[in-house]
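See structure below.
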Amino acid sequence: MLKDQFGITGLLSFIRVAETQSDLVSLSLGQDLKTLGMNLNSVESVYPNFGGPFAEMPCRPQDIDYHVPSEYLINSSIRGKLPAPKLSMYKDDLLFYFFYNCPGDAIQAAAAVELYNRDWRYHTEEKLWLTRAPGAPLVEKTSTYERSTYFIFDPSRWSKVGKEFMLEYSKLEDRQGVSQHVFMPQTMSSSPSQS
Amino acid sequence: FDDPQGLLEKTEYLLREWVNIFHSPSASRDPTKAFSVFVHQMNVHGILKTDDLITRFFRLSTQMCVDLCYRALADQNSSTPVLVRTKCFHTLDAFVRLIALLVKHSGDASNNATKVNLLNKVLGIVAGVLLQDHEVHLTEFQQLPYHRIFIILFLELNTPEPVLEVINFQVLTAFCHTLHILRPSHAPAFAYAWLELVSHRVFIGRMLAITPQQKGWGMYAQLLIDLFKFLAPFLRNAELSKPVALFYKGTLRVLLVLLHDFPEFLCDYHYSFCDVIPPNCIQMRNLILSAFPRNMRLPDPFTPNLKVDMLQEINHAPRVLSNIASLIQPASFKKDLDNYLKARAPVTFLSELRGHLQVSHEPGLRYNIKLMNALVLYVGTQAIAHIRSKTLQPNMTTIAHSAHMDIFQNLAVDLDTEGRYLFLNAIANQLRYPNSHTHYFSCTLLYLFAEANSEAIQEQITRVLLERLIVNRPHPWGLLITFIELIKNPIYKFWNHEFVHCAPEIEKLFESVARSCM
Amino acid sequence: PLQREHQFQLQMLEAAYYHLPHPSDSEKLRAYLPRNPYPLPHYYPQQ
Chain A
1 MLKDQFGITG LLSFIRVAET QSDLVSLSLG QDLKTLGMNL NSVESVYPNF
51 GGPFAEMPCR PQDIDYHVPS EYLINSSIRG KLPAPKLSMY KDDLLFYFFY
101 NCPGDAIQAA AAVELYNRDW RYHTEEKLWL TRAPGAPLVE KTSTYERSTY
151 FIFDPSRWSK VGKEFMLEYS KLEDRQGVSQ HVFMPQTMSS SPSQS
Chain B
1001 FDDPQGLLEK TEYLLREWVN IFHSPSASRD PTKAFSVFVH QMNVHGILKT
1051 DDLITRFFRL STQMCVDLCY RALADQNSST PVLVRTKCFH TLDAFVRLIA
1101 LLVKHSGDAS NNATKVNLLN KVLGIVAGVL LQDHEVHLTE FQQLPYHRIF
1151 IILFLELNTP EPVLEVINFQ VLTAFCHTLH ILRPSHAPAF AYAWLELVSH
1201 RVFIGRMLAI TPQQKGWGMY AQLLIDLFKF LAPFLRNAEL SKPVALFYKG
1251 TLRVLLVLLH DFPEFLCDYH YSFCDVIPPN CIQMRNLILS AFPRNMRLPD
1301 PFTPNLKVDM LQEINHAPRV LSNIASLIQP ASFKKDLDNY LKARAPVTFL
1351 SELRGHLQVS HEPGLRYNIK LMNALVLYVG TQAIAHIRSK TLQPNMTTIA
1401 HSAHMDIFQN LAVDLDTEGR YLFLNAIANQ LRYPNSHTHY FSCTLLYLFA
1451 EANSEAIQEQ ITRVLLERLI VNRPHPWGLL ITFIELIKNP IYKFWNHEFV
1501 HCAPEIEKLF ESVARSCM
Chain C
2001 PLQREHQFQL QMLEAAYYHL PHPSDSEKLR AYLPRNPYPL PHYYPQQ
């Protein structure tokens, strides 16, 4: 057999390296291209919302400049006078809109804080917001969990749905988790927390 | 040099004036009126009097915008990146709008040359300021102002307005020229922004989708070749530094967009791209070679008893937009080659082949890879034509005993292991979707394996195929069908070879591929 | 080993790595709700 790097033993050497130092073989063994944050199974073309070579995800709708009729644009005479967004003034629906449509953005954090203040809680495993259904009986309660009926916000149906399930307190994002978003651009600061 | 007395002050005054106008509510209400008032001011200050003064005005304005950005970026500690950018864009976007309006409204409606000339002038000025700044600031160079000017100007000039649609191809050409001048090997500190510009969704859309008759494809291919040429030296070593790894990953993303949306573009230019991609960038090369026309349905390579010879598509030659014959240099070598292909003589030609291939102009490379690739593709296409001229089809029988196969067999025997590895890679680069080249080169590789006079040749053919298969997907169709044939067809006695059983990992690999074939 | 010109190019690329383009560099300025990237928990929706 060949002894240099142009035969099978040459291939064997980087197969063996791959097991321990994968970054050394990123070119020759490559990487799973599905992990580059692109929707490769999309039936439509992906270039119209390609986020760019260094983006970990496609563009969000609000990142793309569509040519809309000028009537849709904020009229210049009032543009400078619009009040800054104040989340405490908005209904839950708009808060959920910001939370699900602005991933990785400060306003997602601000919406989470405001929802928390309105007694919504984020389930870190189900990745859903929930709140108690008014008047729902507490079927079971211990120090670590409770069972009752809750309102879940379902983003796929964009509505609140009632659901009875066993809620483990450790799975809820606590005040600690939410308050880590302490830096909040002034314009988005929410109301003082309600009880 | 020699800016007229007072021009700098005038330019500063006018630029400041325009920025205020641009951000004023009245300008938003009636942009054309605001612009015409400002053009009058430019006239009053004599800026538009001569071509030279206009040029100086744009250079001084560009430099002022750049200086402002450097000051704002230096001031980072006192404000967030978002605020720094807002401050920079406040002036940059106004300056860009002025350029766009001047381009749109210069010359009369029918005279597009004036518009295009002015655009080329301004792009050239910005590029010149960038290159000079790149030389001065070196590692302190900031891409931000230039990136912003180019992308916003491109977006402004690609809004769907009749006056712009008429000159859109010239606008695209102007930007491609500018991006070629600013290619990463010329301005490496601008490389990340350059890749953002080249792969911007609107730029890709215009160059590859909207512009009719694929007129933008050649220019876009040139920009990708600039990209691969820049990356190549840094990808030849196994370990990538973080900056290179990020740039490489960005390149993969761009190629994935092209593979998904414009596979025909990758099919047409695969040869030029693979000519500049280093041999060890196996996944990136596979990505390009895996492209196939969207209207084609590929038979599953693992179909039992797949009869490749029966596929309709293997009678059609793929489009290859590079002029392969012209790549075979020097001309005397090309003449000898053609003589040998025609007369299968003199035999001495074969013994001189290696010498020609070992003349490398690139330090550190012992072989002229470009010549190797061109020779293989040229001889192969000549072989297909020759076989067809005898009203035969290329297959394991008709490709044998010919001047063309003499050359391939001579290269297989006469080259050292590195040369043979590059030679076999040149063949494997033709294993793509079902077409006459894929079929011919697949037969050739199998023929070289079957007729090899040493096990080293067979080992290297296996190496070249296997390293392309064990890499993460995608895998070219032609590669899969060739390897499956090699391990399934008993005439190749594949499993008898020592190199198949030389280590447990290798044996496991072959068996897993064999299992997926069965 | 890299040739000298490639060494220089690599050095400049590595310097540029610390001034990377920002997604908003390619977008029209949005006075209202500008893009404001923010580190959020992995369990929040990423797309």
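Protein chains in written order, with the working numbering: chain A, 1 to 195; chain B, 1001 to 1518; chain C, 2001 to 2047.
Every residue, glycine too, gets a C-beta built ideally from N, C-alpha and C.
Just so we're clear, the structure is a prediction, and the values are computed from it rather than from any experiment.
- Secondary structure at L172 (chain A): strand, using DSSP grouped into helix, strand and coil.
- Note on geometry: alpha-carbon atoms of P85 (chain A) and P1081 (chain B) lie some 21 Å from one another.
- Beta-bridge annotation (DSSP): H1401 (chain B) is not paired with any residue.
- In terms of Cβ geometry, R1148 (chain B) and L1172 (chain B) do not form a close pair [threshold 8 Å].
- Taking 4 residues as the shortest admissible run, the region 1071-1139 of chain B contains the following complete alpha helix (DSSP H) segments, listed from N- to C-terminal end: 1081-1105 and 1112-1137.
- A distance below 6 Å between beta-carbons, with the five flanking residues on each side excluded, links F1141 (chain B) to the following residues of its chain, in chain order: H1134 and A1189.
- Residues of chain B with a Cβ closer than 9 Å to the Cβ of Q31 (chain A) are, in chain order, K1249, L1252, Q1283 and N1472.
- Under the three-state reduction of DSSP, V1308 (chain B) is assigned to helix.
- Between L1118 (chain B) and S1106 (chain B), the beta carbon gap of about 5 Å places them in contact (Cβ cut-off 8 Å).
- By DSSP's assignment, I152 (chain A) forms a beta bridge with A:L130 and A:V161.
- The C-beta of E1467 (chain B) has 16 or more other C-beta atoms within 10 Å across all chains shown, which makes the residue buried.
- Using a Cβ-Cβ cut-off of 8 Å, P2037 (chain C) counts as an interface residue toward chain A, since at least one Cβ of chain A sits closer than that to its own.
- Apart from the 5 residues on each side of it in sequence, I1054 (chain B) sits with its Cβ closer than 7 Å to the Cβ of I1047 and L1048 in its chain, given in chain order.
- Take the alpha-carbon of T1211 (chain B) and the one of L1123 (chain B): they are about 21 Å apart.
- Looking from the CA of R1285 (chain B), the closest CA among B:K1508, B:H1475, B:F1175 and B:G1250 belongs to B:H1475.
- Of all residues in the region 45-65 of chain A, those with a C-beta nearer than 9 Å to a C-beta of chain B are S45, V46, Y47, P48, N49, F50, G51, G52, P53, F54, A55, C59, I64 and D65, reading in chain order.
- Counting along the chain, no beta strand (DSSP E) covers Y2038 (chain C), and no H or E run does either.
- Out of B:I1328, B:G1478, B:R1344 and B:F1494, the CA that lies nearest to the CA of L1311 (chain B) is found in B:G1478.
- Interface with chain A (8 Å Cβ-Cβ cutoff): A1245 (chain B) is included.
- With respect to V1379 (chain B), I1399 (chain B) sits apart: the two C-beta atoms are not nearer than 8 Å.
- Every unbroken stretch of the alpha helix (DSSP H) spanning 4 or more residues and falling wholly within the region 2001-2026 of chain C is given here in chain order: 2004-2016.
- For Y2043 (chain C), the neighbours in chain A by C-beta distance under 8 Å run, in chain order, Y122, T124, E125, K127 and E173.
- For the pair R1354 (chain B) and L1415 (chain B), the CB atoms are nearer than the 8 Å cut-off.
- Under a 10 Å Cβ-count criterion, P1162 (chain B) is classified as exposed, with fewer than 16 other Cβ atoms of the shown protein chains found around its own Cβ.
- Here I74 (chain A) is exposed: its Cβ has fewer than 16 other Cβ atoms, across all protein chains shown, within 10 Å.
- When secondary structure is reduced to three states using DSSP, E1485 (chain B) falls in the helix class.
- Its Cα nearest to that of L2029 (chain C), the residue B:F1089 stands out among B:R1344, B:F1089, B:A1428 and B:R1183.
- Judged by DSSP secondary structure, H1497 (chain B) falls outside any beta strand (DSSP E); it is assigned neither H nor E.
- The beta carbon of P1263 (chain B) lies closer than 8 Å to those of A1291, F1292, P1293 and R1294 in the same chain, with the five residues before and after it left out.
- For T9 (chain A), at least one C-beta of chain B is nearer than 8 Å to its own C-beta.
- Distance from the CA of I1225 (chain B) to the CA of V1320 (chain B), rounded to the nearest whole angstrom, comes to 15 Å.
- Looking at the backbone, the Cα of T124 (chain A) and that of G1419 (chain B) are separated by about 57 Å.
- Between the alpha carbons of P1031 (chain B) and S42 (chain A) lies a distance of about 40 Å.
- L29 (chain A) is not a Cβ neighbour of A1456 (chain B), given a cutoff of 8 Å.
- Using beta-carbon distances, S26 (chain A) counts as an interface residue toward chain B, with a partner under 8 Å.
- Y122 (chain A): member of the beta strand (DSSP E) spanning R121 to H123, first to last residue.
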